[in-house]
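The listed protein sequences correspond, in order, to chains A and B.
So in our numbering, spot 157 of the first sequence is number 1592, and the numbers just go up one at a time.
So in our numbering, spot 96 of the second sequence is number 77, and the numbers just go up one at a time.
We put the CB at the ideal spot given by N, CA and C, even for glycine.
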Amino acid sequence: MNQNNILKYLVPVVAVIVVAESVVLISRLRDKGITTPTDRKVVETGSVKNDTVKPGVTENEVYQINLSSDKASYKVGENGEVKVMMKGNADKLIDSVNVYVKYDPTIFEVNDMTFDKKLPTPAFSKVSTLRGLVVANFLVSDPEGLPLKSGEDLLLMSFKMKALKPSTHSFEISTGKEMKESATMIVENGTSKPITFSSNKLTINVTE
Amino acid sequence: MKNKSINIIFGILMVVALIGGVMLASQNQETRRGAYFAGTKMLIMPEEIAAKTGKDLVAQLFLDTENGAKLSALDTFVCYDKGLELNADNPENQVVLNTDALKDLVDVTLENVGDKPCVRIVALAGATMKPANLKSGMIRVLNIKFKATEVADGNITILADKTKVGGYNPAAGATDNSLKVGTVTGAKYSVTIGDIVQCNSDSDCADNEYCDSATKQCKPTTGAADDTYLKFKMAFYGVRGDAMCADAAKLPLSVTVRSNDGVVKNYTGIVSTKTNTSGDVGIYEVKMRLNGFKVRNNIAVFVKGPKSLQVKYGVNNQSSYYSVAGGELSGLTSEESSTPMFDFTKYPLLSGDVTGPNNSQDGVVDGLDFSYIKTESIKRTEVASGGYMLADINGNCKMESQDVANMMLSLSVKQGQLY
């Protein structure tokens, strides 16, 4: 009778422990993933890096480039304005800013670019319907560079746009994947190195 | 009573055993087939390599295996920057395997990874190598004999994420035979202008060279007698005739010819001849036999200098951007005396490509080039006549605002062409 009582308690205890063991094992496998040798992260020195900028990535980037419009939705034929603002999380001296904003010229007509008065006159600026790009290149001749404070807003460019046909389309920063000459880049004074940034996509809905 | 005690002890033991099982299950367990049984470092030696144009630049690939792990196979990508070249037709001729380490060179192919040229190398120990003969520890696996083609600085890198290293696992019945690639270390290289040998006749030059009658310099023998002979004169934007730091020998060219039916040949390290020492525009003449290129009509010529963007020339006396596909240069012959001298001086090479994201020229004029030239111009560095500075765009031996202005103009002109 005593033995039966012990078994009564022992069997459920064993069952609970077995279940707990299974849960621990499975959760471990899930957390770590079942990796193949090539999936494993390895230290890489001097490897090829195609992009010095990572749009959409926000952690650890010095600058955030924000595209915004006065409305999220436009009717065909309606006019609007797009602003490209830049804000940093550190004080920096800037030597150059090359900005390339991708758009679809069949959906939007873009014109009338304006720039922050703090920026020098662009060495080159153009709305390229050929490439579907709004281009502005600022080269700072001052030996000290252009000082930008942490948290300071800078209007890289704004431009007027007119909706041409119904569609949903995004304006976005070009990183040079389609054409290496069209890589948006911010270069630091002194080091002559690119400064990292993140950016957003501006999606606009055009209706009839 | 005795039975009761035994049962309690037995029950406690079971519980302890199961708790131990839970703890073991929570440990990292490696149960997969093909897992790593050891690690290895990879490195290129020496860490800094120098070579002259026209000569070989040899990079040695080493592995340093851990815990005495023995190497049996390698599949890796080695990438490089400008100024180096591997023969696209027979790249395996430029990879020399250390057969003490690996016997069989299975594959050598050239591939671009991103915008970088790379060579993929696959090598195996082979069936004839017994485990006892496999190498471990620091192993020189192979040498890559790059041809140094133009003046440049750059890096030779190993792509760890594309590399697989196989080894011999001595454990009985072991199926894990991969070595985990840990730290990889590349090398820096610097290619400088090769020695120029003055000559009066072919006998003054090496076996694979001839004496160029125009320059009285030994140049590599290029091609058969019926290959096309190309002559043109050209200029660099902003470089005057009296520029004292713009010697032709310091400005070797890359010349690419393309026929309208798609035949393309590229020639690097082409040294021109400067024909004037005064005037607003420095004139440089190029005379060269096009090795393996026999097309005489409707060709386009692409020219790039060591601090210039590549420019396409499609017509004689070209004075603006040639935006048409193909080319119209015609009437070329195989003879230096009869082939026409094309004039490209009215559309000089655009200057300003001096650096890029990897600290080497990238074929683009952008903010990086601007910042580099501006930084150098602030230093007001000067060199003696005949010297060379990468950022001295106008070749007047001193860094100044004019160099920055020339670069800015180049950027504006190039962007106008692109957009």
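Look at the Cβ atom of residue i, then the Cβ atom of residue j, and state whether they are nearer than 8 Å.
i: G167(B); j: F18(B); result: no
i: L313(B); j: R361(B); result: no
i: V1519(A); j: I1542(A); result: no
i: I1608(A); j: V1536(A); result: yes
i: E131(B); j: V178(B); result: no
i: A1525(A); j: V1562(A); result: no
i: Y248(B); j: E317(B); result: no
i: V39(B); j: K143(B); result: no
i: L1583(A); j: G1523(A); result: yes
i: V346(B); j: M388(B); result: yes
i: N136(B); j: D62(B); result: yes
i: L1590(A); j: F1559(A); result: no
i: L406(B); j: A104(B); result: Nothing can be reported for residue 406(B), as the shown portion of chain B is limited to -18 through 400.
i: K33(B); j: I174(B); result: yes
i: D228(B); j: G367(B); result: yes
i: V394(B); j: L331(B); result: yes
Residues of chain A with CB closer than 8 Å to the CB of residue i, please, in chain order.
i: P27(B); result: Simply none; closest approach about 15 Å.
i: N48(B); result: Ordered by position in chain A, no residue passes the 8 Å Cβ test against N48(B), which lies about 17 Å from the chain.
i: L392(B); result: A1558, F1559, N1572 and L1574
According to DSSP, what are the bridge partners of residue i?
i: T90(B); result: R101(B)
i: S1560(A); result: A1571(A)
i: D134(B); result: S171(B)
i: L52(B); result: G148(B)
i: V1641(A); result: Y1509(A) and S1602(A)
i: T237(B); result: N247(B) and F283(B)
i: F1522(A); result: The sequence shown places Lys at residue 1522(A), not Phe. DSSP, once it has assigned bridges, lists Q1499(A) and D1588(A) as partnering K1522(A).
i: R121(B); result: F43(B)
i: K1527(A); result: L1583(A)
Among the options, which has the Cα closest to the Cα of residue i?
i: T356(B); options: D384(B), A306(B) and M269(B); result: D384(B)
i: E1613(A); options: G1567(A), V1449(A) and G1523(A); result: G1567(A)
i: G307(B); options: S300(B), V282(B) and K327(B); result: V282(B)
i: D157(B); options: L(-1)(B), V146(B) and V103(B); result: V146(B)
i: E1643(A); options: V1453(A), E1456(A), P1582(A) and E1513(A); result: E1513(A)
i: I354(B); options: V76(B), L115(B), I374(B) and V244(B); result: I374(B)
i: D85(B); options: L55(B), D228(B) and G367(B); result: L55(B)
i: G71(B); options: K63(B), D88(B) and L78(B); result: The sequence shown places Asn at residue 71(B), rather than the Gly named in the question. For the residues K63(B), D88(B) and L78(B), the minimum Cα distance to N71(B) belongs to D88(B).
i: G1509(A); options: G1586(A), K1597(A), V1459(A) and F1559(A); result: The question names Gly, yet the displayed sequence has Tyr at residue 1509(A). It is K1597(A) whose Cα lies nearest to the Cα of Y1509(A).
i: T1603(A); options: I1621(A), A1507(A) and E1544(A); result: A1507(A)
i: A1571(A); options: S1605(A), K1600(A) and M1620(A); result: M1620(A)
i: N298(B); options: S382(B), G286(B), D324(B) and V292(B); result: D324(B)
i: S235(B); options: G286(B), G163(B) and N377(B); result: G286(B)
i: G64(B); options: A31(B), K51(B), I(-11)(B) and A224(B); result: A31(B)
i: G295(B); options: N340(B), V238(B), Q398(B) and G337(B); result: V238(B)
i: S1585(A); options: M1521(A), V1449(A) and L1502(A); result: M1521(A)
i: M1592(A); options: G1580(A), K1600(A), P1557(A) and V1454(A); result: P1557(A)
i: L1528(A); options: S1633(A), E1623(A) and E1544(A); result: E1623(A)
i: K1628(A); options: K116(B), K327(B), F351(B) and N150(B); result: F351(B)
i: E28(B); options: A113(B), L42(B) and D37(B); result: L42(B)
Run through chain B and tell me which residues come within less than 7 Å of residue i, C-beta to C-beta.
i: E1616(A); result: V345 and L399
Find the residues of chain B that neighbour residue i, judging by a C-beta separation of less than 9 Å, and give them in chain order.
i: V1448(A); result: G(-8), M(-5), V(-4) and L(-1)
i: K1676(A); result: Outside the displayed range of chain A (1436 to 1643) lies residue 1676(A), so it cannot be described from this structure.
i: A1571(A); result: Ordered by position in chain B, no residue passes the 9 Å Cβ test against A1571(A), which lies about 10 Å from the chain.
By the criterion of Cβ-Cβ separation under 8 Å, what are the contact partners of residue i in chain B?
i: P1578(A); result: K355 and I359
i: M1620(A); result: D347, G348 and L349
Does the beta carbon of residue i fall short of 7 Å from some heavy atom of the ligand FAD?
i: L330(B); result: In terms of ligand content, the structure shown is empty, and the ligand FAD therefore cannot be addressed.
By the criterion of Cβ-Cβ separation under 9 Å, what are the contact partners of residue i in chain A?
i: N385(B); result: As written in the sequence, residue 385(B) is Val, which differs from the Asn given in the question. Simply L1574 and S1576.
Chain A partners of residue i, CB-CB under 7 Å?
i: M389(B); result: A1558 and L1574
i: S289(B); result: By Cβ distance, chain A contributes nothing, its closest Cβ being about 15 Å from S289(B), past 7 Å.
Check: What are the residues of the segment 1626 to 1640 of chain A that lie near chain B, defined by any Cβ-Cβ distance shorter than 9 Å?
Finding: T1626, S1627, K1628 and P1629
Next item on the list: Mind checking the segment 1515 to 1536 of chain A against chain B and listing, in chain order, the residues whose C-beta falls within less than 8 Å of any C-beta there?
Entry: D1530, S1531, V1532 and N1533
Check: When Cβ atoms are compared, which residues of the segment 356 to 382 of chain B fall closer than 7 Å to chain A?
Finding: T356 and I359
Check: Given a limit of 7 Å on CB to CB distance, which residues of the segment 67 to 100 of chain B reach chain A?
Finding: V94, G95, D96 and K97
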